[in-house]
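Undergrad: After the structure tokens below, expect a handful of questions from me.
In the numbering used here, the protein residues as written are 435 to 727.
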């Protein structure tokens, strides 16, 4: 009878345990890939369903054949007349994703503040083929205090306040350039007064001392410590002015798209790790084969 040396048995046992650990690791990566793929699919289905519901609701109030500036006005009127005000605690899919804030459809159903209503308006206009994006207004202390929407139309870019239902336009109805609102507080005051005189009761309550355009950025970099770190990095890389005017990604207004992006990144990472694991396994087998021969 052949007796295995203790050292040989320990080595064989260690190799077997290592093999099992590697197998569990690969199984975990495959499970993670499948989970991420399933999550992305669920998000895609929910996203398409939400957009279909939004188009159905807005279709009753907006003429898709009208000029972009008219579609903009009709969309704002839709929000004004059918969507409530105030902040709520809705979230997309699961509580863990609460940091992504509510979807545009949830805002239409339950109302929202300036940022939420701005999100809903951007998504609505996107479904009407009108380009739009949110802007964040900062106070003197560097805190984001208000959100508005910039809408690109055949007349030029308008600045809209979906919380106070104000379209910043001159007496002819042409857009007031954002640069003028930034440079001269009197221009903002005149625009707000014009909206109030036109029968807009919310415009009459606009706090000019708080919601000025002295510091406007396309992205609210103060949302979290990570965002503040990114702002410092980006502004140091390309300059503060360029960082403040970086285009705001549309997907930032779509929690489903953001989650799909996270899931896609997770699946890609898992597949990359599986590829590395497979490559290392082939190398080990080749080394063992060459060592045995």
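By construction, the Cβ of each residue, glycine as well, lies at the ideal position given by its N, Cα and C atoms.
Here the structure is a predicted model, which means the values were calculated and not measured.
Within its chain, find whatever has a CB closer than 6 Å to the CB of residue 704; leave out the 5 residues flanking it on each side and keep chain order.
TA: The answer, listed in chain order, is 463, 466 and 467.
Undergrad: Extract the residue ranges of the beta strand (DSSP E) inside the stretch 531-591, only unbroken runs of 3 or more that lie entirely within it.
TA: The stretch 531-591 contains these whole beta strand (DSSP E) runs: 566-572 and 578-587.
Undergrad: Run through DSSP, which three-state label would residue 523 get?
TA: In this structure, residue 523 counts as coil in the three-state DSSP scheme.
Undergrad: Mapping DSSP to helix, strand and coil, what is residue 619?
TA: In this structure, residue 619 counts as helix in the three-state DSSP scheme.
Undergrad: Per DSSP, what are the beta-bridge partners of residue 508 in this structure?
TA: Paired residue(s): none; residue 508 is not in a bridge.
Undergrad: Where do the ends of the beta strand (DSSP E) carrying residue 600 lie?
TA: Its beta strand (DSSP E) spans residues 600-602.
Undergrad: Take every Cβ of the stretch 586-604, pair it with every Cβ of the stretch 669-687, and state whether three or more of those distances are shorter than 8 Å.
TA: Output reads no: the stretch 669-687 does not touch the stretch 586-604.
Undergrad: How would you call residue 540, buried or exposed, if buried means at least 16 neighbouring beta carbons within 10 angstroms?
TA: With 16 or more Cβ atoms within 10 Å of its Cβ, residue 540 is classed as buried.
Undergrad: Check residue 435 in the structure and name its three-state DSSP category.
TA: Reliability of the predicted coordinates at residue 435 is poor, the pLDDT of 49 falling under 50, and the value obtained from them is presented with this limitation in mind. Of the three classes helix, strand and coil, the one that applies to residue 435 here is coil, per DSSP.
Undergrad: Between the alpha carbons of residue 660 and residue 631, how many angstroms are there, rounded?
TA: Approximately 43 Å, taken between the alpha carbons.
Undergrad: In the DSSP assignment, what residue or residues form a beta bridge with residue 595?
TA: Residue 595 is bridged to 600.
Undergrad: I want to know whether the stretch 644-664 touches the stretch 557-575 - three or more CB-CB distances under 8 Å.
TA: Cβ pair count under 8 Å is three or more, so yes.
Undergrad: Is the beta carbon of residue 556 sitting closer than 7 Å to the one on residue 502?
TA: In this structure, residue 502 does not lie closer than 7 Å to residue 556 by Cβ.
Undergrad: Tell me, please, whether the stretch 687-694 touches the stretch 473-490 by the rule of three or more beta-carbon pairs shorter than 8 Å.
TA: Counting Cβ pairs under 8 Å, three or more are found: they touch.
Undergrad: Under 7 Å, do residue 637 and residue 600 count as touching if we go by C-beta distance?
TA: Against a cut-off of 7 Å, the Cβ pair of residue 600 and residue 637 comes out as a contact.
Undergrad: According to the Cβ coordinates, are residue 552 and residue 581 closer than 7 Å?
TA: Cβ atoms of residue 552 and residue 581: closer than 7 Å.
Undergrad: Tell me which residues share the same chain as residue 640 and place their Cβ nearer than 6 Å to its Cβ, disregarding the 5 neighbours each side in the sequence.
TA: Answer for residue 640: 598 and 626, listed in chain order.
Undergrad: Kindly indicate which three-state DSSP category residue 498 falls into: helix, strand or coil?
TA: Residue 498 falls in the coil class under three-state DSSP.
Undergrad: Going by C-alpha to C-alpha distance, which of 459, 646 and 471 sits closest to residue 702?
TA: Of the listed residues, the one whose Cα sits closest to residue 702 is 471.
Undergrad: Less than 7 Å between the C-beta atoms of residue 742 and residue 585, yes or no?
TA: It is not possible to answer for residue 742, since the shown part of the chain is limited to 435 through 727.
Undergrad: Around the C-beta of residue 484, are 16 or more other C-beta atoms found within 10 angstroms, so that it is buried, or is it exposed?
TA: The residue is buried, with at least 16 neighbouring Cβ atoms inside 10 Å.
Undergrad: Could you work out which residue in 576, 566, 533 and 500 is closest to residue 662 when comparing CA atoms only?
TA: The candidate whose alpha carbon is nearest that of residue 662 is 576.
Undergrad: Pick out whichever of 624, 633, 634 and 635 has its Cα sitting closest to the Cα of residue 642.
TA: Checked all of 624, 633, 634 and 635; the closest Cα to residue 642 is 624.
Undergrad: Residue 537 and residue 530 - do their beta-carbons sit closer together than 7 Å?
TA: No, these two residues do not count as a Cβ contact at 7 Å.
Undergrad: Where are the alpha helix (DSSP H) runs, 4 residues long or more, that stay fully inside the stretch 606-656, in chain order?
TA: The stretch 606-656 contains these whole alpha helix (DSSP H) runs: 612-617 and 619-631.
Undergrad: Indicate whether residue 605 and residue 647 have their beta-carbon atoms separated by less than 7 Å.
TA: No, Cβ-Cβ distance for residue 605 and residue 647 is not below 7 Å.
Undergrad: Can you tell me whether DSSP reads residue 689 as helix, strand or coil?
TA: If DSSP states are grouped into helix, strand and coil, residue 689 belongs with the helices.
Undergrad: For residue 543 and residue 610, what's the separation of their Cα atoms in angstroms?
TA: Cα to Cα, the separation comes out at about 31 Å.
Undergrad: Near residue 619, what residues of its chain come up, given a Cβ to Cβ distance below 7 Å and the 5 sequence neighbours on each side ignored?
TA: Counting only Cβ-Cβ distances below 7 Å, and skipping sequence neighbours, we find 646.
Undergrad: Quick check on the burial criterion: 16 or more other C-beta atoms within 10 angstroms. Buried or exposed for residue 588?
TA: Burial call: exposed.
Undergrad: One question on the structure: do residue 473 and residue 509 come within less than 7 Å of each other, judged by their Cβ atoms?
TA: Not in contact: residue 473 and residue 509 (Cβ atoms no closer than 7 Å).
Undergrad: Short check: CB of residue 495 to CB of residue 469, under 7 Å?
TA: In this structure, residue 469 does not lie closer than 7 Å to residue 495 by Cβ.
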